[in-house]
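S.K.:
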Amino acid sequence: MASTWRKHGLPPRARTALWPAAIGNPLRITRSLYDMLTRKAKVAEEKWSAAVSTMALVQDGSPSGRLEPDSFMAQLRAIDLDLPRTLPDLAVMSVPDGPLRQECRLVLSAFAMYRPDIGYVQGMSFLAAMLLLYMDPFGAFVCLASLLLSSPTLLGLYQLNVETNTRRFRIFMRLLEAHNPSVQRHLTDIGITPDQFLPMWFLTLYSRPLTTESAALVWDLYLLDKEPVLYVAGIAILDILADRLRDRDFDECLMLLLRDTRDIIGSDRELFLDAMNSVIIPDAVYSEITDLEAEFVPPPIMPVHRFLT
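Under UniProt numbering, the letters of the sequence shown match residues 1 to 309, in that order.
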């Protein structure tokens, strides 16, 4: 089954069962904990709204006037700003009161309440929305928290771990040089470096630069083979874009990498899978990636009693 999974990806309906099974629940999150977090998030928002309505928080009538940057309400505002820009190929995400958008807001606010030490960071909305395409809000919350807190790649990027992230970017460019030296040389010559485009690709598990269907293929493989898949997917995208990149300058190439990949690659499942399957990671580089993963120390599990106050 694993070999078929790697070669063809999963049928969409199989993801409902296989994604949660692959991610697991290492944090031992229960439904009662999730319900408690959503209630606390709702109460916090209601208290803040009531205080604003009586001008208790601000004097100028602006609800955001005195929000502390790390406060729960500041993070909720960041979530609300990001949701309309999440999964833009899905019209339902542009509907403010649409069920997918509201469920996404609920899951993200619960995570911000669950781990205030990490909070909401731009990019997480893509992860939550992708999960919600295949499971209910509780399942999506379990998977989101497990992905973020158990993945050295995601947590390192979201926490801006400069040292390990720099190592990842170097690995990516070495792989690109080995696989497609002309593209690597052109990007280097015009001054484009992986830190300018790769973080958002990795942070969202490619659900920002790709359509939801193409991104889901990356997720299928990532949940099976972990971090190496992220490098393979990035090289595959650059392979597909190679002819468009070669004759463009810095601004044009960067715009292509940050904005236009979704429309160019589209949802051609076979094209993208073929491009990914053509990328080979040498054993030495593969070992370097697994060494990075092995260095990861997951954060401690948040004790349940913390949420009882």
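Backbone N, C-alpha and C define an ideal beta-carbon position, used for all residues, glycine too.
Computed from a predicted structure; not experimentally measured.
Could you tell me if residue 129 is buried or exposed, where buried requires 16 or more neighbouring beta carbons within 10 angstroms of its beta carbon?
M.R.: For the purposes of this step, residue 129 is identified with residue 129 of the sequence shown, where counting begins at 1. Buried, since its Cβ has 16 or more Cβ neighbours within 10 Å.
S.K.: Helix, strand or coil for residue 75 per DSSP?
M.R.: Looking up residue 75 in the sequence shown gives position 75. The answer is helix: DSSP assigns residue 75 an H, G or I state.
S.K.: Just the C-alpha distance for residue 213 and residue 241, rounded to the nearest angstrom, thanks.
M.R.: As a working note, residue 213 is residue 213 in the sequence shown. As a working note, residue 241 is residue 241 in the sequence shown. Roughly 18 Å separates the two Cα atoms.
S.K.: Would you decide whether residue 250 is buried or exposed? Buried here means 16 or more other CB atoms lie within 10 Å of its CB.
M.R.: For the purposes of this step, residue 250 is identified with residue 250 of the sequence shown, where counting begins at 1. Answer is exposed; the Cβ neighbour count stays below 16.
S.K.: Quick check on this structure: which residue in 252, 217 and 237 has the alpha carbon closest to the alpha carbon of residue 6?
M.R.: Indexing the sequence shown from 1 puts residue 6 at position 6. Comparing Cα positions, the closest option is 217.
S.K.: Which of helix, strand or coil does DSSP assign to residue 165?
M.R.: Along the sequence shown, one-based indexing puts residue 165 at 165. Three-state DSSP puts residue 165 in a helix.
S.K.: My understanding is that residue 76 touches residue 109, with C-beta atoms under 8 Å, so please give their C-beta distance in whole angstroms.
M.R.: As a position in the sequence shown, residue 76 is number 76, starting the count at 1. As a position in the sequence shown, residue 109 is number 109, starting the count at 1. Confirmed, about 6 Å.
S.K.: Enumerate in chain order the residues of its own chain whose CB-to-CB distance from residue 273 is below 8 Å, with the five nearest sequence positions on each side excluded.
M.R.: Position 273 of the sequence shown, counting from 1, holds the residue named residue 273. Hits under 8 Å: 7, 8, 9 and 217.
S.K.: Mind pulling the alpha helix (DSSP H) runs of 4 or more residues that sit fully within the stretch 25-55?
M.R.: Within the stretch 25-55, the complete alpha helix (DSSP H) runs of at least 4 residues are 31-53.
S.K.: Mind reading off the beta-carbon distance from residue 126 to residue 208? Whole number of angstroms is fine, and I expect it under 8 Å.
M.R.: Here residue 126 corresponds to residue number 126 of the sequence shown, with the count starting at 1. Here residue 208 corresponds to residue number 208 of the sequence shown, with the count starting at 1. Correct: roughly 5 Å between the Cβ atoms.
S.K.: Can you tell me whether residue 247 is helix, strand or coil according to DSSP?
M.R.: Taking the first residue of the sequence shown as 1, we reach residue 247 at position 247. Looking at residue 247 - three-state DSSP - the assignment turns out to be coil, as it is neither helix nor strand.
S.K.: For residue 95, count neighbouring C-beta atoms within 10 Å of its own C-beta (all shown protein chains included) and say buried if the count is 16 or more, exposed if not.
M.R.: By one-based count along the sequence shown, residue 95 stands at place 95. Residue 95 should be labelled exposed.
S.K.: In angstroms with no decimal places, state the Cα-to-Cα distance between residue 78 and residue 41.
M.R.: On the sequence shown, residue 78 is found 78 positions in, with the first residue counted as 1. On the sequence shown, residue 41 is found 41 positions in, with the first residue counted as 1. In a straight line, the C-alpha of residue 78 is about 14 Å away from that of residue 41.
S.K.: Any idea if residue 32 is buried or exposed, counting beta-carbon neighbours within 10 angstroms, 16 or more meaning buried?
M.R.: Here residue 32 refers to the residue found at position 32 when the sequence shown is read from its first residue. Exposed: under 16 other Cβ atoms inside 10 Å.
S.K.: Just confirm the distance between the C-beta atoms of residue 148 and residue 154, as a whole number of angstroms; I'd bet it's less than 8 Å.
M.R.: Taking the first residue of the sequence shown as 1, we reach residue 148 at position 148. Taking the first residue of the sequence shown as 1, we reach residue 154 at position 154. About 5 Å; that satisfies the 8 Å criterion.
S.K.: If you measure between the beta carbons of residue 107 and residue 98, is that distance less than 7 Å?
M.R.: For the purposes of this step, residue 107 is identified with residue 107 of the sequence shown, where counting begins at 1. For the purposes of this step, residue 98 is identified with residue 98 of the sequence shown, where counting begins at 1. No, they are not a contact pair.
S.K.: Whose C-alpha, out of 27, 11 and 120, is nearest the C-alpha of residue 105?
M.R.: Along the sequence shown, read from residue 1 onward, the residue named residue 105 stands at position 105. Checked all of 27, 11 and 120; the closest Cα to residue 105 is 120.
S.K.: For residue 138, collect the residues of the same chain with a Cβ closer than 6 Å to its Cβ; drop the 5 residues on either side in sequence, then sort them by chain order.
M.R.: Counting from 1 along the sequence shown, the entry for residue 138 is found at position 138. So the qualifying residues of the chain are 31 and 34.
S.K.: Assess contact between the stretch 244-258 and the stretch 292-300, defined as three or more Cβ pairs (one per stretch) separated by less than 8 Å. Is contact present?
M.R.: Contact fails: fewer than three Cβ-Cβ distances are below 8 Å.
S.K.: From residue 13 to residue 50, what distance separates their C-alpha atoms?
M.R.: Numbered from its first residue, the sequence shown carries residue 13 at position 13. Numbered from its first residue, the sequence shown carries residue 50 at position 50. Approximately 43 Å between the Cα atoms of the pair.
S.K.: Buried or exposed, going by whether 16 or more other CB atoms sit within 10 Å of the CB of residue 204?
M.R.: In the sequence shown, residue 204 corresponds to position 204, counting from 1. It counts as buried.
S.K.: For residue 183, count neighbouring C-beta atoms within 10 Å of its own C-beta (all shown protein chains included) and say buried if the count is 16 or more, exposed if not.
M.R.: Residue mapping note: residue 183 aligns to position 183 of the sequence shown, counting from 1. Buried, by the Cβ-count rule.
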